[in-house]
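Chemist: One structure follows; several queries about it will come next.
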Amino acid sequence: MGGAVSAGEDNDDLIDNLKEAYYIRSELVERAFRAIDRADYYLDEYRDNAYKDLAWRHGNIHLSAPCIYSEVMEALDLHPGLSFLNLGSGTGYLSTMVGLILGPFGVNHGIELHADVMEYAYQKLERFIKTCDSFDRFEFCEPSFVVGNCLDIPPHSRQYDRVYCGAGVQKEHEDYMKNLLKLGGVLVMPLEEKLTKITRTGTNSWETKKIISVSFAPLVQPKPSNGRPRTVPLPQYEVRSLQELSRFCIRHALRVSPAPHSSPRGRAAFGVSRGLAVAGLHKYGSRFKRRRVHRRHCNALVLGDEEEAVGETEEERETLELLRPQPSVNLLRERILALPLPEPLKLYLLFYREK
Numbered sequence: 001m002g003g004a005v006s007a008g009e010d011n012d013d014l015i016d017n018l019k020e021a022y023y024i025r026s027e028l029v030e031r032a033f034r035a036i037d038r039a040d041y042y043l044d045e046y047r048d049n050a051y052k053d054l055a056w057r058h059g060n061i062h063l064s065a066p067c068i069y070s071e072v073m074e075a076l077d078l079h080p081g082l083s084f085l086n087l088g089s090g091t092g093y094l095s096t097m098v099g100l101i102l103g104p105f106g107v108n109h110g111i112e113l114h115a116d117v118m119e120y121a122y123q124k125l126e127r128f129i130k131t132c133d134s135f136d137r138f139e140f141c142e143p144s145f146v147v148g149n150c151l152d153i154p155p156h157s158r159q160y161d162r163v164y165c166g167a168g169v170q171k172e173h174e175d176y177m178k179n180l181l182k183l184g185g186v187l188v189m190p191l192e193e194k195l196t197k198i199t200r201t202g203t204n205s206w207e208t209k210k211i212i213s214v215s216f217a218p219l220v221q222p223k224p225s226n227g228r229p230r231t232v233p234l235p236q237y238e239v240r241s242l243q244e245l246s247r248f249c250i251r252h253a254l255r256v257s258p259a260p261h262s263s264p265r266g267r268a269a270f271g272v273s274r275g276l277a278v279a280g281l282h283k284y285g286s287r288f289k290r291r292r293v294h295r296r297h298c299n300a301l302v303l304g305d306e307e308e309a310v311g312e313t314e315e316e317r318e319t320l321e322l323l324r325p326q327p328s329v330n331l332l333r334e335r336i337l338a339l340p341l342p343e344p345l346k347l348y349l350l351f352y353r354e355k
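Structural data, given as structure tokens:
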């Protein structure tokens, strides 16, 4: 399933295409999609296909088409502090994007059928936290995964605000899925070849909306163990430690602080980034719009003053350099490094990030 939008040259290009086709409709979802490079969840030898609007599978590893993930993210109606359950969490790509919206006080759980895929998901999650600069622009709800069949969840387990199932749900399992929802919760799943949004409006009342036609592999039916059905416990819900809460609060304060009160290094970094941000807001408006610069190739013979022709070429070259995207300053990192604290504590505040 996929191919609804044109292939992109990079992740931003893909997101631009999804917006133009109206698959991404909200700024919150757009920010989450831009923060995570889809290619990072591909095996290296397949990265060239990452920006096509197509599903990808290699062995047990699977990614749905970008247009499907876009519709799922929009339909889930996410906001900070919610609890989320991803049934068939796969590579963790969707769970990580959801975590960027839920924030540190949300709950982000996933169940994956294959142990090798869960291990792959944790590897990708660790890489995102340790190396991706966009991690510092968000307050993140880290996903937690367990291995098992999502149809083996014990009765009377905890319920969630938002649930997504990444496999085709047979009609006989519809009520099973609905019972995973809290009152007012939203369930998104492929049901009878339609991506379907179900909202729990009461104890026994539901509101159903068909979104788009889809084709998903069906849920794998559970196998009894020694004649008895096996059960898969959901990930543990753990209360944040005081140490973790302190880290979140400090990072939040540094991220939203209007001006640092530390070393010249921090003030300089803040001044540069703030100046760039203000200039960008006045020139381009509140929403960032990426611009592409296309080099023009001219094969015509130049007649006349050679020096003047060379001068024009140099001027064009300087203009292209000015328009070339510059790496953004990681303001949060700069502020943490400028704090008068022991190095181990700075590293802890940075989540031991490698960049």
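Using full-length UniProt numbering, you'd call the opening residue of the sequence shown number 1 and step up by one each time.
No residue lacks a Cβ here, since even glycine has one placed at the ideal position from N, Cα and C.
It should be emphasised that the depicted structure is a prediction, and the values quoted were computed from it without experimental measurement.
Mapping DSSP to helix, strand and coil, what is T96?
Modeler: Note: T96 maps to helix in three-state DSSP.
Chemist: Could you pull the start and end residues of the alpha helix (DSSP H) that A331 belongs to?
Modeler: Inspection of the sequence shows that residue 331 is occupied by Leu rather than by Ala. 331-338 is the extent of the alpha helix (DSSP H) around L331.
Chemist: Could you give the uninterrupted runs of the alpha helix (DSSP H) lying entirely in the stretch 62-120, keeping only those of 4 residues or more?
Modeler: Qualifying alpha helix (DSSP H) stretches, in chain order: 66-76, 93-102.
Chemist: Helix, strand or coil for D175? Go by DSSP, reduced to three states.
Modeler: Looking at D175 - three-state DSSP - the assignment turns out to be helix.
Chemist: In whole angstroms, what separates the C-alpha of F248 from that of F128?
Modeler: Using only the alpha carbons, I get a separation of about 18 Å.
Chemist: Please return the same chain residues whose Cβ sits closer than 8 Å to the Cβ of N179, not counting the five positions on each side in sequence.
Modeler: The residues are Q159.
Chemist: Given a cut-off of 8 Å on the beta-carbon distance, is the pair C150 and I198 in contact?
Modeler: No, they are not a contact pair.
Chemist: Using a threshold of 8 Å, state whether the C-beta atoms of M118 and V147 are closer than that.
Modeler: It is a contact, given that the beta carbons lie within the stated cut-off.
Chemist: Can you find the residues in the same chain that come closer than 6 Å, C-beta to C-beta, to P64, ignoring five residues on each side of it along the sequence?
Modeler: Correcting the residue type first, residue 64 is Ser in the shown sequence and not Pro. Counting only Cβ-Cβ distances below 6 Å, and skipping sequence neighbours, we find A55.
Chemist: Can you tell me where the alpha helix (DSSP H) with H252 in it begins and where it stops?
Modeler: Start and end: 242-256.
Chemist: Give me the DSSP bridge partner(s) of C165.
Modeler: Answer is L87, bridged to C165.
Chemist: Report the three-state DSSP secondary structure of E20 (helix, strand or coil).
Modeler: Reduced to three states, the DSSP call for E20 is helix.
Chemist: Decide if I15 is buried, meaning its Cβ has at least 16 other Cβ atoms within 10 Å, or exposed.
Modeler: It counts as buried.
Chemist: By the 10 Å Cβ neighbour count, where 16 or more other Cβ atoms means buried, how is H282 classified, buried or exposed?
Modeler: Residue confidence for H282 is low, a pLDDT of 36 falling below 50, so the modelled location carries little weight; the figure read from the coordinates is stated next. So H282 counts as exposed.
Chemist: Output yes or no for whether 8 Å exceeds the beta carbon distance between H252 and E139.
Modeler: Yes, the pair counts as a contact, with Cβ atoms nearer than the cut-off.
Chemist: Of all the beta strand (DSSP E) runs that stay within the bounds of the stretch 119-151, which reach a length of 3 or more residues?
Modeler: Listed in chain order, the complete beta strand (DSSP E) runs (minimum 3 residues) inside the stretch 119-151 are 144-147.
Chemist: Would the stretch 101-110 and the stretch 122-137 be scored as touching if the rule is three or more Cβ pairs under 8 Å?
Modeler: Verdict: no, contact absent.
Chemist: Rounded to a whole number of angstroms, what is the C-alpha to C-alpha distance between S134 and D12?
Modeler: So the alpha carbons of these two residues sit roughly 13 Å apart.
Chemist: Measuring only the C-alpha atoms, how far is S25 from G168?
Modeler: The residue asked about is misnamed: residue 25 is Arg in this sequence, not Ser. Those two C-alpha atoms are separated by around 25 Å.
Chemist: So, helix, strand or coil for E192, using DSSP?
Modeler: In the structure shown, E192 sits in coil (DSSP, three-state: anything other than H, G, I, E or B).
Chemist: For N330, I'd like the list of residues in its chain whose CB is within less than 7 Å of its CB, leaving aside the five on either flank, ordered along the chain.
Modeler: Hits under 7 Å: D133, D136.
Chemist: Less than 8 Å separating the beta-carbons of G3 and D53?
Modeler: The answer is yes: Cβ separation under 8 Å.
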